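For reference, each letter of the sequence shown is one residue, going 23 to 600 in the working numbering.
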Amino acid sequence: MKAFLSLLFLTPSLLLAELSVPHFFSDHMVLQRERPATIWGKATPGAEIKITFKNQSATIQTGADGKWRTQIQTGPADATGATLTITNGTDKIQIADVLVGEVWFASGQSNMFYTMNRSPEYAGLIAESNHPALRMFNAPLVTAAENQDDIEGIWQTTTPETTPGFSAVAFFFARKLHLELGIPVGVIKSAWGGKPVETFTSREALNTLPATKALVDATLKDAASYDQAKADTAYATKLEQWKTTMAAAKGKSPEERKRLPKKPDAPKPPLLTEGKPGVLFASMIHPFAGYTMRGAIWYQGEGNAKAGAVPYDQTLPLMINDWRKRWNDEFSFYYVQLASYHAPSTAPGTPDSWALTQDRMRLVLNTTPKTGMAITNDVGEANDIHPKNKKDPGERLARWALAKDYGQNLTYSGPLFRTSQTRDKAIRVTFDQCGTGLKSSDGSPLKRFEIAGSDKTWHWADAKIDGTDSVLVSSPQVPQPAAVRYAWAANPEGANLVNSEGLPTSVFRTDDWDDVEIKVDTTATKAAEERRALGVEIRAIAAERAKHDKKSPEYQALNKQFQELMTKFKQGALPKKP
Numbered sequence: 023m024k025a026f027l028s029l030l031f032l033t034p035s036l037l038l039a040e041l042s043v044p045h046f047f048s049d050h051m052v053l054q055r056e057r058p059a060t061i062w063g064k065a066t067p068g069a070e071i072k073i074t075f076k077n078q079s080a081t082i083q084t085g086a087d088g089k090w091r092t093q094i095q096t097g098p099a100d101a102t103g104a105t106l107t108i109t110n111g112t113d114k115i116q117i118a119d120v121l122v123g124e125v126w127f128a129s130g131q132s133n134m135f136y137t138m139n140r141s142p143e144y145a146g147l148i149a150e151s152n153h154p155a156l157r158m159f160n161a162p163l164v165t166a167a168e169n170q171d172d173i174e175g176i177w178q179t180t181t182p183e184t185t186p187g188f189s190a191v192a193f194f195f196a197r198k199l200h201l202e203l204g205i206p207v208g209v210i211k212s213a214w215g216g217k218p219v220e221t222f223t224s225r226e227a228l229n230t231l232p233a234t235k236a237l238v239d240a241t242l243k244d245a246a247s248y249d250q251a252k253a254d255t256a257y258a259t260k261l262e263q264w265k266t267t268m269a270a271a272k273g274k275s276p277e278e279r280k281r282l283p284k285k286p287d288a289p290k291p292p293l294l295t296e297g298k299p300g301v302l303f304a305s306m307i308h309p310f311a312g313y314t315m316r317g318a319i320w321y322q323g324e325g326n327a328k329a330g331a332v333p334y335d336q337t338l339p340l341m342i343n344d345w346r347k348r349w350n351d352e353f354s355f356y357y358v359q360l361a362s363y364h365a366p367s368t369a370p371g372t373p374d375s376w377a378l379t380q381d382r383m384r385l386v387l388n389t390t391p392k393t394g395m396a397i398t399n400d401v402g403e404a405n406d407i408h409p410k411n412k413k414d415p416g417e418r419l420a421r422w423a424l425a426k427d428y429g430q431n432l433t434y435s436g437p438l439f440r441t442s443q444t445r446d447k448a449i450r451v452t453f454d455q456c457g458t459g460l461k462s463s464d465g466s467p468l469k470r471f472e473i474a475g476s477d478k479t480w481h482w483a484d485a486k487i488d489g490t491d492s493v494l495v496s497s498p499q500v501p502q503p504a505a506v507r508y509a510w511a512a513n514p515e516g517a518n519l520v521n522s523e524g525l526p527t528s529v530f531r532t533d534d535w536d537d538v539e540i541k542v543d544t545t546a547t548k549a550a551e552e553r554r555a556l557g558v559e560i561r562a563i564a565a566e567r568a569k570h571d572k573k574s575p576e577y578q579a580l581n582k583q584f585q586e587l588m589t590k591f592k593q594g595a596l597p598k599k600p
């Protein structure tokens, strides 16, 4: 009887379910041209939904869960705003000023999130930006433990008032397409700074690769044992310590204040913490899955360019294929190769996780169909992980789209390694994407080529352009060369091989030796992480113990727990460095 009454009371709310669609189906949106555009939403279970757009219409019945999804033909590009109407009996949604053109999805970390107003040199361009048919949807920064169906945000046209808040890379990408093609372009931007590729990938996909499954398992284990009260207590302790440190720092010099700790972040459950595996996929990618589009652009990798990370030529294709499966569409996917960063290296053969990640990005071109890469080792800044030049990365991404998606005949990339062959005492390296021929960007001899023999000892090499698409690499110190590398450094200052369009050559190596990355003692790292977590727990117990009288049973119980953990903490102390 109770179950029946519960159902009886629930039924009216189901019957009165309001017709709704996600926020990105809203005024000023752009629909993909010349393809059926997928539209979806919610209403009363079993209701008939009718969609009309221009002279097209579609009808669908909602499922038992009230959800519905259908498609409607969009026709050719159209910069004249039209109304898309969705009805359910007397319930009606009208979406105004809908354009038809090209739609792209933009995601990644901080260099995709980076907005136009952060580069002072774009002030003049911002003031002149008035493109009614160039539009962007900016997703907010949110987290979720489970896959979401909606996310807030609005579509905005390009004006001097809105452009400052647009992703700079996405803006320059879309602007070039808009001006070259002469049709509307819409971009959905959903990015969050400082986060690894694994957080933008579903946990279901991550579980298919052993190395990323280990990350998921660790997160789920942390989530199962997470105690909000303990975390809050530990946070309060750390916050007080931070306040004390900051108060004591008043009056110190700016140089001394640079070394002060940052304010601790308030604790969150692991499955609501940005950066954890699958979290941003659930909150900021999944809501858009299915939105009909031409492709995606991606600027990320900084969060994965570290020793011991799961190889990026595994994790990026994993994410790309995950997204394509969710969209049920083999859409184009173009990404920015990491820009130069850190102080320039001066010795050949220097292990470098940044260069290794750049090269692994290059390898994705050969393993994952319909991908492209904007090479940017000429636009980085040694002391800033966020280069102010976002025009070149955005427009270089657009070159790939113009060639691959829109049929333009152009050199769409900087030179990409093709083959290598030992010849006499030199190695001939050939390249794709040379345009009408290779050249030195500054007219001086080619730099940043390295060469080694079978002893794996690297030397700076002599490199000379030979023909339109090849370079001869040699060194008198290496009479029997075995391998060549180019621009193998986080900041390959002096690298100057370009094609006829002035586009830079990607980092590459012809070897597969294991001397490219700084070795990490993962056992010691894991032990240190466990000890830090134990320290947090000890501080939380100490803070709770301090609230009680020393003679009370509560104090005695907490003190026993404290002593046991302290013994464990001391036993796990890392050996002192000599």
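Backbone N, C-alpha and C define an ideal beta-carbon position, used for all residues, glycine too. No experiment lies behind these values; they were computed from the predicted model shown.
Between the CA atoms of residue j and residue i - distance to the nearest angstrom
| i | j | result |
| --- | --- | --- |
| ALA564 | GLU324 | 38 Å |
| LEU37 | PRO67 | For LEU37, the predicted structure reports a pLDDT of 48, less than 50, and the residue's modelled location is therefore unreliable. The matter cannot be settled from this model. |
| GLY429 | PHE46 | 29 Å |
| VAL52 | PHE195 | 16 Å |
| LYS372 | GLN359 | In the sequence under discussion, the amino acid at residue 372 is Thr, which differs from the Lys named in the question. Going from the Cα of THR372 to the Cα of GLN359 covers about 20 Å. |
| ILE173 | LYS469 | 48 Å |
| SER574 | ASP254 | 23 Å |
| THR532 | SER367 | 20 Å |
| THR81 | VAL529 | 52 Å |
| LYS260 | GLY175 | 35 Å |
| ASP491 | PRO526 | 14 Å |
| ALA568 | TYR577 | 8 Å |
| THR314 | PHE75 | 15 Å |
| ILE307 | SER354 | 16 Å |
| ALA39 | ILE115 | 14 Å |
| GLU124 | ASP344 | 22 Å |
| LYS243 | VAL301 | 15 Å |
| THR444 | LEU385 | 22 Å |
| THR393 | ALA145 | 32 Å |
| LEU156 | PRO182 | 12 Å |
| ARG346 | GLY317 | 10 Å |
| ILE205 | PRO44 | 25 Å |
Status (buried if at least 16 other CB within 10 Å, exposed otherwise) for residue i
| i | result |
| --- | --- |
| ASP2 | Nothing about residue 2 can be read from this structure; the chain reaches only from 23 to 600. |
| ASN152 | exposed |
| ASN350 | exposed |
| ASN405 | exposed |
| THR441 | exposed |
| PRO283 | exposed |
| ASN431 | exposed |
| SER35 | At SER35, the pLDDT of 40 sits below 50, so the modelled position is not reliable; the number obtained from the coordinates is stated separately. Classification for SER35: exposed. |
| GLU352 | exposed |
| ILE148 | buried |
| THR479 | exposed |
| ARG281 | exposed |
Spatial neighbours of residue i in its chain, beta-carbon cut-off 6 Å, leaving aside the 5 residues before and after
| i | result |
| --- | --- |
| ALA86 | PRO67 |
| PHE31 | Low confidence applies here, because PHE31 scores a pLDDT of 39, under 50, leaving its location unreliable; read the following figure in that light. For PHE31, where only same-chain residues beyond five positions count, there are no Cβ hits under 6 Å. |
| PRO415 | VAL191, VAL358, ALA396, THR398 |
| VAL122 | LEU53, ARG55, THR96, ALA99, ASP100 |
| ILE487 | LEU460, VAL493 |
| GLU417 | PHE194, LYS198 |
| LYS328 | SER375 |
Close beta carbons around residue i, own chain, < 7 Å, minus the five adjacent residues each side
| i | result |
| --- | --- |
| GLU523 | THR433, GLY457 |
| ARG382 | PRO333, TYR334, ASP335 |
| LEU231 | GLN336, LEU340 |
| PRO409 | ALA361, VAL401, GLY402, GLU403 |
| ASP464 | ASN518 |
| TYR248 | PRO291, PRO292 |
| PRO597 | Low per-residue confidence applies at PRO597: pLDDT is 49, beneath 50, and the placement is therefore not dependable enough to give any value. |
Beta-carbon spacing of residue i, residue j below 8 Å
| i | j | result |
| --- | --- | --- |
| PRO299 | ARG225 | yes |
| GLU472 | ARG507 | yes |
| ALA59 | GLN93 | yes |
| GLY215 | GLN131 | yes |
| HIS50 | ASP119 | yes |
| TRP320 | SER189 | no |
| ALA509 | SER497 | no |
| THR109 | ILE117 | no |
Other residues of its chain near residue i: CB distance less than 8 Å, five sequence neighbours each side excluded
| i | result |
| --- | --- |
| THR589 | none |
| PRO154 | ALA101, THR179, THR180 |
Taking only runs of the beta strand (DSSP E) that begin and end inside the region 421 to 504, which ones reach a length of at least 3 residues, in chain order? Fully enclosed beta strand (DSSP E) runs of 3 or longer: 438 to 445, 448 to 454, 471 to 474, 480 to 482, 484 to 487, 492 to 496.
My parser needs the alpha helix (DSSP H) runs of 4 or more residues fully inside the region 327 to 415; what are they? As far as the region 327 to 415 is concerned, its whole alpha helix (DSSP H) runs of at least 4 residues are 334 to 349, 375 to 389.
Within the region 106 to 151, ranges of the beta strand (DSSP E) (whole runs, at least 3 residues): Listed in chain order, the beta strand (DSSP E) elements of length 3 or more contained wholly in the region 106 to 151 are 113 to 130.
Of all the alpha helix (DSSP H) runs that stay within the bounds of the region 235 to 285, which reach a length of 4 or more residues? Counting only runs of 4 or more, we get 250 to 270, 276 to 279.
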